[in-house]
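Quick note on numbering: the sequence shown equals residues 63 to 603 in the numbering used here. Ideal Cβ positions, reconstructed from N, Cα and C, are used throughout, including at glycine. Nothing here was measured: the structure is a model prediction, and the numbers come from that model.
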Amino acid sequence: PVAILAQAKIMRVAKLLFANGYANSCHELIGCGQCVNRTVIGVHGCYWCEIDQGCHAVGSAVSPCTPDGADDACISLASASHCRHKSADACASAGSDAAQPRQIHLSVAGAGGMRVAWKTRGSVSSLSVLYAEDMSTTVGEPATIERSVEYLKSQGGHGYHHVALMSNLRPDTLYQYRIICDGVTSKVRGFRTESEQGSATFLVVGDMGYGAAGEAVASRSRMESLKDRTNMTLHVGDIGYADDSFLHVHTKCPEEFCYEAVYDNYMEWIENVSDTRPYMVAVGNHESECHSPACLVSPEIKESLRNFTAYNTRWAMPSPESGGTANMWYSFDFGPVHFVVVNTETDFPNAPEVDYGDGGKIIGLQAGHFAPEGSYRAWLNSDLQKASENRGQRPWIVAFGHRPWVYQNGTSRDPAVEAAHSDLFQKYGVDLYLTGHVHSYHRVSPRSGNPAVPTVVTGGAGCEEFNSDKKSTGEFDLNGTNQMWDFRSYNKDTQVGLLEATSSTLKFSAIASSSGQVFDSLVIRKEVKEESGVFPERGEI
């Protein structure tokens with residue numbers, strides 16, 4: 063009864079939002095035309111049309127539109143969105159678009175390996191990935207197809223998700239690849255494998271989201287401008303905010319099912335970054351489930367999207383190579399860094415997403431457990447121990463995950479998360495923890511009297527969860543006072559970060575998305591840390 067009352071209340075709120083004009087009808091957008099360098103072409107009603115640097119159409123060029131093979135009753139509201147009577151994927155699967163590879167993204171897969179994941183709107187009877195150093199002179203080696211999954215069958219289906227493994231790759235080598243599904247071939251794309259020279263640069267984003275109001279547009283454009291300087295992207299959780307699609311303004315999502323539409327739009331939006339460089343993700347609370355009214359009133363949809371199903375199906379992180387579990391926790395090496403990707407949501411005592419969904423707020427959306435009790439902590443201890451013993455080859459250990467614990471005034475905001483991680487981080491000398499959840503920037507630097515691992519909270523890439531003229535600070539508000547633990551804070555603009563690693567230094571630069579200016583930086587020098595155990599009070603700014 064409590065769950066039914068909660069669902070009814072959410073439906074009333076959704077209808078009120080819709081009646082007050084937060085969900086306007088879509089109208090035709092202007093045509094995108096030729097490639098325009100990172101310029102937003104138009105914003106109108108529901109979705110916007112953008113052409114990024116790689117000439118990828120993002121969003122919808124013309125809306126509404128009728129997919130090939132669809133009847134008049136099936137009207138798509140966006141290129142990756144839903145239809146009024148069926149899913150857009152069900153509409154498109156009837157036509158030539160069914161087997162087109164889309165939403166292509168890479169992830170590292172251990173030494174000499176790279177995974178590629180993608181979506182097709184329809185089922186395919188044959189698929190392959192061919193890769194070589196030069197696809198113009200050879201057919202290419204076949205990758206190993208690891209899975210093809212349809213996780214949501216309602217409304218005629220919402221597409222199929224595929225993963226393939228490219229292996230035996232040589233270091234510091236440019237490879238090309240193409241995807242073929244039922245004879246439909248993607249364009250040839252390329253990526254470069256890890257260099258043996260001992261340096262690397264990583265783009266860091268958190269809590270980004272996708273929506274018509276455009277809070278994340280500046281961050282997405284900044285990602286594009288920084289792409290050629292980086293080896294990969296690290297996303298510290300809360301990826302596309304598909305679960306909160308009913309809160310996004312200027313859509314019909316308060317009344318209609320938009321979870322898949324928003325997730326699809328996000329994946330297509332980042333493709334020009336993720337198809338040529340690995341895009342590594344950590345799990346956040348907004349990956350847990352769908353809690354929109356359309357999901358809560360449909361037992362089939364609610365159950366199909368519960369417990370991180372979409373997240374663990376769409377992405378393919380290197381858990382098999384690192385002894386991790388699904389995309390919930392894993393590790394990998396790149397350049398001089400060993401990365402350990404932690405799970406701040408499930409599988410430890412009092413974890414926030416276990417008993418109820420959305421951080422304990424919604425009944426019937428329980429999450430976890432992904433492994434027997436104690437397995438996660440045992441894995442984390444073992445992984446960090448091995449990394450600590452291997453510092454001669456990989457001198458830095460960097461952890462990234464979604465929730466911080468000490469970020470302001472020395473107060474632990476998530477005692478359960480802290481208890482699951484902090485002692486192991488300190489025991490094995492984790493050099494830096496990158497995290498999000500708070501929709502602003504914070505730097506927590508360890509100094510005398512504060513033994514915490516240096517922490518950068520970078521959750522301000524553009525979350526639209528509570529969109530307003532003032533940049534949201536998310537779940538926790540800034541109080542304007544920088545105590546010794548909260549050494550630097552910033553919420554005047556959306557932000558992205560750059561992590562630059564050499565054998566002797568680790569530098570994080572916080573970048574304002576709109577201007578591209580570095581507003582804070584932290585430099586950790588290996589010899590300083592080894593001599594004193596305490597980092598300098600201020601980085602190079």
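Backbone secondary structure at residue i - three-state DSSP
{"i": "residue 564", "result": "coil"}
{"i": "residue 303", "result": "coil"}
{"i": "residue 319", "result": "coil"}
{"i": "residue 176", "result": "strand"}
{"i": "residue 251", "result": "strand"}
{"i": "residue 382", "result": "helix"}
{"i": "residue 239", "result": "strand"}
{"i": "residue 292", "result": "coil"}
{"i": "residue 355", "result": "helix"}
{"i": "residue 228", "result": "strand"}
{"i": "residue 194", "result": "strand"}
{"i": "residue 487", "result": "helix"}
{"i": "residue 131", "result": "In this prediction, residue 131 scores a pLDDT of 40, lower than 50, which makes its location untrustworthy; the coordinate-derived value is nonetheless stated afterwards. Coil at residue 131, not helix or strand."}
{"i": "residue 557", "result": "strand"}
{"i": "residue 114", "result": "Caution is warranted here: a pLDDT of 28 is assigned to residue 114, below 50, making its placement in the model unreliable, and no coordinate value can be reported."}
{"i": "residue 410", "result": "coil"}
{"i": "residue 549", "result": "strand"}
{"i": "residue 208", "result": "strand"}
{"i": "residue 446", "result": "helix"}
{"i": "residue 217", "result": "helix"}
{"i": "residue 375", "result": "helix"}
{"i": "residue 342", "result": "strand"}
{"i": "residue 501", "result": "coil"}
{"i": "residue 642", "result": "Outside the shown range of the chain, which is 63 to 603, sits residue 642, and nothing can be said about it."}
{"i": "residue 151", "result": "helix"}
{"i": "residue 492", "result": "coil"}
Between the CA atoms of residue j and residue i - distance to the nearest angstrom
{"i": "residue 504", "j": "residue 494", "result": "13 Å"}
{"i": "residue 220", "j": "residue 168", "result": "21 Å"}
{"i": "residue 412", "j": "residue 478", "result": "6 Å"}
{"i": "residue 439", "j": "residue 373", "result": "22 Å"}
{"i": "residue 447", "j": "residue 340", "result": "26 Å"}
{"i": "residue 609", "j": "residue 455", "result": "A question about residue 609 goes unanswered here, because the residues of the chain that appear run from 63 up to 603."}
{"i": "residue 294", "j": "residue 361", "result": "38 Å"}
{"i": "residue 367", "j": "residue 358", "result": "10 Å"}
{"i": "residue 264", "j": "residue 562", "result": "6 Å"}
{"i": "residue 322", "j": "residue 520", "result": "26 Å"}
{"i": "residue 555", "j": "residue 297", "result": "18 Å"}
{"i": "residue 365", "j": "residue 354", "result": "13 Å"}
{"i": "residue 338", "j": "residue 231", "result": "15 Å"}
{"i": "residue 16", "j": "residue 218", "result": "The chain is shown from 63 up to 603; residue 16 falls before or after that span and cannot be answered."}
{"i": "residue 204", "j": "residue 255", "result": "18 Å"}
{"i": "residue 202", "j": "residue 240", "result": "9 Å"}
{"i": "residue 401", "j": "residue 318", "result": "39 Å"}
{"i": "residue 560", "j": "residue 496", "result": "11 Å"}
{"i": "residue 281", "j": "residue 476", "result": "27 Å"}
{"i": "residue 195", "j": "residue 492", "result": "36 Å"}
{"i": "residue 452", "j": "residue 461", "result": "16 Å"}
{"i": "residue 258", "j": "residue 235", "result": "10 Å"}
{"i": "residue 272", "j": "residue 283", "result": "13 Å"}
{"i": "residue 589", "j": "residue 457", "result": "11 Å"}
Contact belief for residue i with residue j at Cβ below 8 Å, rounded distance in angstroms
{"i": "residue 558", "j": "residue 343", "result": "With a Cβ gap of about 15 Å, residue 558 and residue 343 do not count as contacting."}
{"i": "residue 347", "j": "residue 407", "result": "6 Å"}
{"i": "residue 499", "j": "residue 466", "result": "6 Å"}
{"i": "residue 270", "j": "residue 524", "result": "5 Å"}
{"i": "residue 285", "j": "residue 335", "result": "6 Å"}
{"i": "residue 305", "j": "residue 351", "result": "6 Å"}
{"i": "residue 463", "j": "residue 405", "result": "7 Å"}
{"i": "residue 487", "j": "residue 515", "result": "5 Å"}
Contact set for residue i: own chain, Cβ-Cβ below 8 Å, skip 5 residues either direction
{"i": "residue 333", "result": "118, 164, 165, 166, 167"}
{"i": "residue 430", "result": "369, 407, 408, 409, 413, 415, 416"}
{"i": "residue 261", "result": "397, 398, 562, 563, 564, 565"}
Cutoff 7 Å; reference residue i; Cβ partners in own chain excluding five residues on either side
{"i": "residue 160", "result": "154, 182, 183, 184"}
{"i": "residue 587", "result": "566, 567"}
{"i": "residue 345", "result": "299, 370, 373, 389, 390, 405, 407, 464"}
{"i": "residue 225", "result": "177, 179, 208, 209, 378"}
{"i": "residue 433", "result": "387, 409"}
Neighbourhood of residue i by C-beta, 6 Å cutoff - its chain only, sequence neighbours within 5 removed
{"i": "residue 289", "result": "335"}
{"i": "residue 376", "result": "223"}
{"i": "residue 363", "result": "216, 357"}
{"i": "residue 228", "result": "176, 193, 205"}
Check: residue i C-beta below 7 Å from any heavy atom of the ligand COA
{"i": "residue 160", "result": "With respect to the ligand COA, the structure offers nothing, as it holds no ligand at all."}
Review point. Between the stretch 371-385 and the stretch 163-177, are three or more C-beta pairs nearer than 8 Å?
Key: At 8 Å Cβ cutoff, the stretches touch.
Review point. Three or more C-beta pairs closer than 8 Å, one from the stretch 176-190 and one from the stretch 388-400: is that the case here?
Key: With fewer than three CB-CB distances shorter than 8 Å, the stretch 176-190 does not count as touching the stretch 388-400.
Practice item. Spell out a yes or no on whether the stretch 202-211 and the stretch 250-258 are touching, meaning 3 or more CB-CB pairs, one atom from each, closer than 8 Å. Key: Not touching, per the Cβ criterion.
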